[in-house]
Amino acid sequence: MQRSALSRFSPFNWIVRQPRFERWLQKRGPLAPPFRIAYRQVYILPTRFGIIFAILLTAMLLGALNYNNNAALLLAFMLATAAQLSTFRTWRNLSGLDVGTIHTKPVFVGDQALFRLNLYERQGFERPILELDSGRQDINDTGINLSLAAEQSGMLEIPVQTSRRGWLECPRLRLSTIYPLGLFRAWSWIHPQQRCLVYPQLLDNPPPLPSPSTGDGKRNLQPEPDADFAGLREYRPGDHLKEIAWKATARMNKLISREEPPTAYSELLFKLPQTGSQDIEQALRILASWVVLAEQRGFRYGLSLPAVELTPDTGAGHRHQCLRALALWQN
Amino acid sequence: MFTGFGIMAKLTKRRPLVQRSVVLWVMATALFAILPHLTRMPILLSAALIAITGWRVSRFYRNPHWLLRTITVLCAVFIISWLYEGLWGRLPGSQLLCCMLVLKCLELNRSRDAMLMVSLSFFVVATWFLFSQSPLTFVYLVTATWLGLTTMIVINRGGTEQSEIRSMFVQGARLAIPAVPLALAMFFLFPRLSVPLWGIQGGELEGVSGLSNSMSPGDISNLFIDDGPAFRVTFSDPQPSQSELYWRGPVLTRFDGKRWTQSIYSSVVTQIKPERENADLSYEIELEPHRRQWLFALDYPAIYPGDSRLGLDYQLRSIRPVSNVRRYQISSDTSFRDNRALNSTLLNESLRIPDHVGRRARRLVAEWQAQDDSTNAIMQRALHHFRDNPFFYRLDALPLLDDPIDEFLFDSKVGYCEHYASAFTFLMRAAGIPARVVTGYQGGFDNGEYFLVRQSDAHAWAEVWLDDEHGWTRVDPTSWVAPNRVQQGSRAVVDVPNWLHAPWLVDMRNQVDKIRHWWNKNIVSFNANRQSRLLQPWGIERVDQRQLLLLLIVLSVIISAIVFWWYRRVDHIQHVDPVVRAYHKLLHRLRHAGIDTPIHAGPQTVMQKVIAYCPDIRQQVENLFNRYIHHRYAAPNISVEEQPQQSNRLALARRLNSFKLPKRR
Chain A
526 MQRSALSRFS PFNWIVRQPR FERWLQKRGP LAPPFRIAYR QVYILPTRFG IIFAILLTAM
586 LLGALNYNNN AALLLAFMLA TAAQLSTFRT WRNLSGLDVG TIHTKPVFVG DQALFRLNLY
646 ERQGFERPIL ELDSGRQDIN DTGINLSLAA EQSGMLEIPV QTSRRGWLEC PRLRLSTIYP
706 LGLFRAWSWI HPQQRCLVYP QLLDNPPPLP SPSTGDGKRN LQPEPDADFA GLREYRPGDH
766 LKEIAWKATA RMNKLISREE PPTAYSELLF KLPQTGSQDI EQALRILASW VVLAEQRGFR
826 YGLSLPAVEL TPDTGAGHRH QCLRALALWQ N
Chain B
16 MFTGFGIMAK LTKRRPLVQR SVVLWVMATA LFAILPHLTR MPILLSAALI AITGWRVSRF
76 YRNPHWLLRT ITVLCAVFII SWLYEGLWGR LPGSQLLCCM LVLKCLELNR SRDAMLMVSL
136 SFFVVATWFL FSQSPLTFVY LVTATWLGLT TMIVINRGGT EQSEIRSMFV QGARLAIPAV
196 PLALAMFFLF PRLSVPLWGI QGGELEGVSG LSNSMSPGDI SNLFIDDGPA FRVTFSDPQP
256 SQSELYWRGP VLTRFDGKRW TQSIYSSVVT QIKPERENAD LSYEIELEPH RRQWLFALDY
316 PAIYPGDSRL GLDYQLRSIR PVSNVRRYQI SSDTSFRDNR ALNSTLLNES LRIPDHVGRR
376 ARRLVAEWQA QDDSTNAIMQ RALHHFRDNP FFYRLDALPL LDDPIDEFLF DSKVGYCEHY
436 ASAFTFLMRA AGIPARVVTG YQGGFDNGEY FLVRQSDAHA WAEVWLDDEH GWTRVDPTSW
496 VAPNRVQQGS RAVVDVPNWL HAPWLVDMRN QVDKIRHWWN KNIVSFNANR QSRLLQPWGI
556 ERVDQRQLLL LLIVLSVIIS AIVFWWYRRV DHIQHVDPVV RAYHKLLHRL RHAGIDTPIH
616 AGPQTVMQKV IAYCPDIRQQ VENLFNRYIH HRYAAPNISV EEQPQQSNRL ALARRLNSFK
676 LPKRR
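Chains as they are written, first to last, in my numbering: chain A, 526 to 856; chain B, 16 to 680.
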């Protein structure tokens with residue numbers, strides 16, 4: 526905890542947060558992937574251990590100079606030059622690496638949003654231990670690393686804990702390496718213009734689904750007795766599993782879909798007042814939970830919020846549309 | 016349940032624990048660093064350190080409780096300070112550092128600890144150079160650097176497999192080897208201190224052999240078996256004969272019946288000294304460190320280094336103890352006579368003999384005096400006494416217990432140079448002739464371009480005050496008993512096992528000493544003074560430190576550029592897939608055979624062309640190319656089992672390499 530407090534107030538982090546710094550970075554090359562890391566985009570500074578090592582070497586050097594102990598002097602120079610040469614190898618570990626696009630999938634509040642970064646080695650030599658971090662305190666990004674062999678590609682994932690619905694911007698990422706000696710850290714900034722959609726949180730025990738839309742009465746909810754062959758058509762790719770008429774399929778030996786959804790489906794239209802919650806966020810959470818539940822149970826469901834109207838439907842795409850509307854509603 | 020809005024999750028970011036392989040590497044590095052120190056430690060302490068190391072790498076290891084760790088550290092501090100009566104000084108300091116390094120392994124959990132241990136190991140290696148700077152230590156230095164850097168690489172990789180050890184050492188070498196030329200450039204060009212920043216303590220004599228500032232029987236004989244070099248001499252004038260090479264060391268005037276010690280007057284600077292113009296023999300001495308102040312010279316030094324003083328007894332002393340190999344120019348005036356009138360105190364000291372020893376000797380001298388009282392006659396009688404009576408020069412003389420003078424002169428009659436010098440001086444004093452003992456080295460071995468004087472050439476002789484004309488005159492009673500000692504060197508009279516005298520062995524040792532000499536001359540004794548004359552071979556008399564620094568920067572840039580270019584090359588050669596390399600070679604061969612394979616052509620196109628060229632081996636060509644296409648273009652499989660094995664890879668590369676086009680009919 527003490528360490529994190531220290532690094533929070535480090536001048537380095539302060540500089541990094543300045544907008545001027547961002548503009549300066551932009552001038553030096555692209556930050557949004559995909560791009561190939563150019564030499565101007567690789568930065569290098571001694572690590573904390575590098576500074577300790579330098580102090581140690583200075584002590585060794587002063588002692589050796591004072592006593593004119595030439596063997597110790599030679600050792601100090603050997604180590605100093607090896608450290609200096611290692612900067613080149615550290616820099617080279619990053620330079621010329623291809624950074625691919627960042628991928629992410631929508632998540633619910635409370636889950637971790639995963640930003641996936643693809644890396645491609647195309648220069649023909651191995652690149653051990655490439656680390657990815659965000660420099661942010663709230664992101665558990667320690668030990669995210671990857672070693673690439675020559676002509677190999679790989680993926681790094683950075684998990685970001687979500688705490689609110691809406692868009693979650695991918696933080697500015699730092700792809701870095703301290704290989705080989707750990708005395709210097711070379712890094713490149715990656716600022717993907719990528720965001721992750723965060724749906725409202727799902728409740729463990731949401732209130733029961735509201736009863737089907739009784740008021741409308743447009744549709745007869747009772748299944749017709751002999752509707753087996755009513756409105757059948759051949760299966761088209763994209764038809765939902767539930768739309769397939771299994772009996773007819775078995776009989777006709779090919780996939781048959783129903784033209785009209787079965788009337789056994791309840792049609793639900795979720796509205797804010799149905800949740801019975803005064804807290805808007807809580808209400809959205811309940812709605813999101815209902816959407817997921819309704820999709821699971823195979824209902825047709827719709828959403829009616831002020832300024833948002835989604836007619837009842839079913840399917841993964843519809844579920845996403847609904848959850849997206851909830852995630853971004855008045856946000 | 017997590018319900019926070021805008022509440023940041025508080026995370027403790029902890030680095031993972033190090034792997035077992037990292038522990039093994041780190042412990043190997045630490046052990047290598049303390050290895051030379053172990054030889055100087057008390058056996059129990061070194062055994063304890065090795066045991067802790069062994070326990071740490073064993074599979075039974077558990078981190079001990081912090082209280083136990085603290086107690087162990089305190090114990091180590093206590094034991095060292097008890098053994099050496101304090102913690103200050105080279106020996107206790109370096110051994111404490113060794114203990115701390117090894118004890119740190121009880122806290123080797125994260126890579127931070129591992130890195131710290133490696134850096135500490137480097138420091139321990141550096142402390143060893145306070146004890147030895149022989150050419151062998153250079154080999155040790157390079158190996159330790161290599162091992163340490165390799166370990167650092169392993170730590171940053173997070174561990175190694177058994178099969179990767181070789182490649183790790185290669186990676187380490189790729190940092191260590193290019194560091195050598197750069198380090199040497201810095202070594203010669205980095206500004207040196209001409210005056211130390213803080214004091215240099217002397218007086219620590221542990222483990223350094225050489226003459227001491229006192230003499231009692233047995234002291235010098237210990238040196239006879241020491242073949243280590245004392246100093247080397249390069250004569251610029253024709254070198255004097257062997258029997259004239261008396262290298263003057265400590266002059267011992269006081270005698271307490273057992274020991275000869277230096278007079279306080281030996282530290283008084285003499286006012287009368289040989290004129291510089293009279294110097295007729297000049298030479299350069301490369302003195303191995305002996306941690307004493309005296310410098311060796313032939314009688315009598317006329318031109319000597321500025322930081323040394325010539326005492327009343329014409330012994331040359333440096334202001335600071337010689338703690339490093341030291342080279343100095345010196346010129347002697349061989350015809351100088353130390354014949355100024357003795358001052359009364361010095362005279363008194365040169366005559367004083369304790370009452371409780373040498374009663375029979377005094378009676379003998381009285382007999383001689385009754386016959387002829389002249390100084391010369393007494394001296395001759397004494398020397399003849401040694402030659403005419405059965406006196407022997409042997410190293411295995413019995414210890415003389417109560418009265419070293421009488422027991423030697425009348426009972427044992429067996430001894431070596433210090434017995435003879437001591438007894439002769441005593442006889443002279445008993446006769447009222449001022450006399451003193453001079454210790455130093457006698458002779459030397461002509462090793463081609465220089466003279467090698469070994470510890471075993473240590474010698475003691477006497478000086479007698481004859482008269483105002485001759486002053487102090489050297490008399491070597493040993494030469495009357497064992498003339499070979501002076502004419503042929505110490506080896507002629509010392510009984511060492513025969514095989515040690517085997518010509519090839521002696522020759523080899525002399526060759527080895529040539530390497531040492533070169534090393535001392537160019538590396539160990541390099542200092543600010545030599546640095547300023549660095550460019551003399553190119554006609555530049557003196558360079559100042561700013562110019563040197565400039566030169567260093569230019570050289571570093573050039574060497575770094577070469578190293579970087581080399582890195583690029585090595586990287587590409589090492590890391591390109593052998594299959595790809597073999598394929599490109601194959602394309603090259605096809606081009607030679609007349610098959611047009613443009614760069615943009617993929618393997619499918621190339622395969623079709625090859626089949627068109629030689630349809631009769633179609634099966635073989637298709638087989639080979641399909642394997643290559645599969646290797647290069649098949650969807651990468653995540654599962655470990657199906658990843659291309661290195662052996663498969665090499666097999667395919669070999670097949671590509673061995674593919675030959677049939678001769679066209």
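Every residue gets a Cβ at the ideal spot worked out from N, C-alpha and C, and that includes glycine. Computed from a predicted model, the values in this text were never measured in an experiment.
Quick one: give me the first and last residue of the alpha helix (DSSP H) that Pro544 (chain A) is part of.
Pro544 to Lys552
Quick check: is the beta carbon of Gly691 (chain A) nearer than 7 Å to any beta carbon in chain B?
no
Taking any Cβ of chain B, which residues in the stretch 602 to 626 of chain A have a Cβ under 8 Å from it, in chain order?
Phe602, Met603, Leu604, Ala605, Thr606, Ala607, Gln609, Leu610, Ser611, Phe613, Arg614 and Arg617
Per DSSP, Thr44 (chain B) forms a beta bridge with which residues?
Per DSSP, none; premise fails for Thr44 (chain B).
Any beta carbon of chain A sitting closer than 7 Å to that of Arg451 (chain B)?
no
By how many angstroms is the C-alpha of Trp275 (chain B) removed from the C-alpha of Ile192 (chain B)?
Per the coordinates, the alpha-carbon of Ile192 (chain B) lies some 53 Å from the alpha-carbon of Trp275 (chain B).
Under 6 Å Cβ to Cβ from Ser713 (chain A), same chain only, skipping five residues before and after it: list those, please.
Ile562, Gln566, Val567, Leu619 and Leu700
Going by DSSP, what residue range makes up the alpha helix (DSSP H) through Trp97 (chain B)?
Trp81 to Tyr99
Report yes or no: do the stretch 763 to 776 of chain A and the stretch 791 to 809 of chain A share at least 3 C-beta pairs separated by less than 8 Å?
no
Cβ neighbour criterion (16 or more within 10 Å) applied to Leu220 (chain B):
Residue placement at Leu220 (chain B) cannot be trusted, given a pLDDT of 40 that sits under 50; the coordinates are not used to answer.
Under 7 Å, do Ile644 (chain B) and Pro613 (chain B) count as touching if we go by C-beta distance?
no
Any beta carbon from chain B within less than 7 Å of Arg533 (chain A)'s own beta carbon?
In this prediction, Arg533 (chain A) has a pLDDT of 47, which is less than 50 and means its spatial position is unreliable; what the coordinates show is noted afterwards. Not closer than 7 Å to any Cβ of chain B, the Cβ of Arg533 (chain A) fails to qualify, so no.
Using the Cβ count rule (16 or more neighbours within 10 Å means buried), how would you classify Arg822 (chain A)?
exposed
I believe Ser323 (chain B) touches Leu310 (chain B) by the beta-carbon criterion, under 8 Å. Please report the beta-carbon distance rounded to the nearest angstrom.
6 Å
Cβ-Cβ separation, Phe574 (chain A) to Gly707 (chain A) (assumed contact under 8 Å), whole Å
Correct: roughly 6 Å between the Cβ atoms.
What are the boundary residues of the beta strand (DSSP E) that includes Gln110 (chain B)?
From DSSP, Gln110 (chain B) is part of no beta strand (DSSP E) but of the alpha helix (DSSP H) over Arg105 to Lys119.
Measure from the alpha carbon of Pro253 (chain B) to the alpha carbon of each residue in B:Val585, B:Ala63, B:Ser297 and B:Ala66, then state which is nearest.
B:Ser297
With a threshold of 16 other CB atoms inside 10 Å of the CB of Gln634 (chain B), please say whether the residue is buried or exposed.
Result: exposed.
Determine whether the Cβ of Ser427 (chain B) lies closer than 7 Å to any Cβ atom of chain A.
no
Under 8 Å, with one C-beta from each stretch per pair, do the stretch 680 to 697 of chain A and the stretch 129 to 141 of chain B reach the 3-pair mark?
Contact between the stretch 680 to 697 of chain A and the stretch 129 to 141 of chain B is absent, because fewer than three Cβ pairs lie under 8 Å.
Please say whether Ser61 (chain B) and Leu53 (chain B) have beta carbons closer to each other than 7 Å?
yes
Following the continuous alpha helix (DSSP H) through Phe153 (chain B), name the residue where it begins and the one where it ends.
Its alpha helix (DSSP H) spans residues Pro150 to Arg172.
Using the Cβ count rule (16 or more neighbours within 10 Å means buried), how would you classify Tyr598 (chain B)?
buried
Measure the alpha-carbon distance for Gln543 (chain A) versus Arg584 (chain B) and round it to whole angstroms.
Straight-line spacing of the CA atoms in Gln543 (chain A) and Arg584 (chain B) works out to 40 Å.
Can you tell me whether DSSP reads His615 (chain B) as helix, strand or coil?
His615 (chain B): coil per DSSP, three-state reduction.
When the Cβ atoms of the stretch 620 to 639 of chain A are set against those of the stretch 370 to 381 of chain B, are three or more pairs found closer than 8 Å?
no
Hey, Phe441 (chain B) and His434 (chain B): beta-carbon distance below 7 Å or not?
no
If we count the other Cβ atoms within 10 Å of its Cβ and call it buried at 16 or more, is Leu610 (chain A) buried or exposed?
With 16 or more other Cβ atoms within 10 Å, it is buried.
Which runs of the beta strand (DSSP E) spanning at least 3 residues fall entirely within the stretch 399 to 458 of chain B, listed in chain order?
450 to 457
Is the CB of Ser437 (chain B) under 7 Å away from at least one CB in chain A?
no
Along the chain, where does the beta strand (DSSP E) containing Gln634 (chain B) start, and where does it finish?
Here Gln634 (chain B) belongs to no beta strand (DSSP E); instead the alpha helix (DSSP H) covers Arg633 to Tyr648.
Does the pairing of the stretch 107 to 116 of chain B with the stretch 127 to 139 of chain B give three or more beta-carbon distances under 8 Å?
yes
Could you confirm whether any beta carbon from chain A is found closer than 7 Å to the beta carbon of Thr160 (chain B)?
Flagged as an interface residue toward chain A: Thr160 (chain B), by a C-beta distance shorter than 7 Å.
Going straight from the alpha carbon of Arg341 (chain B) to that of Ser278 (chain B), what length do you get?
26 Å
Assuming the contact rule is C-beta atoms closer than 8 Å, Gly455 (chain B) and Arg306 (chain B) should be a hit. Round their C-beta distance to whole Å, please.
With a Cβ gap of about 17 Å, Gly455 (chain B) and Arg306 (chain B) do not count as contacting.
So that I know if they touch, is there some Cβ in chain A lying closer than 7 Å to that of Ile538 (chain B)?
It does; some Cβ of chain A falls within 7 Å.
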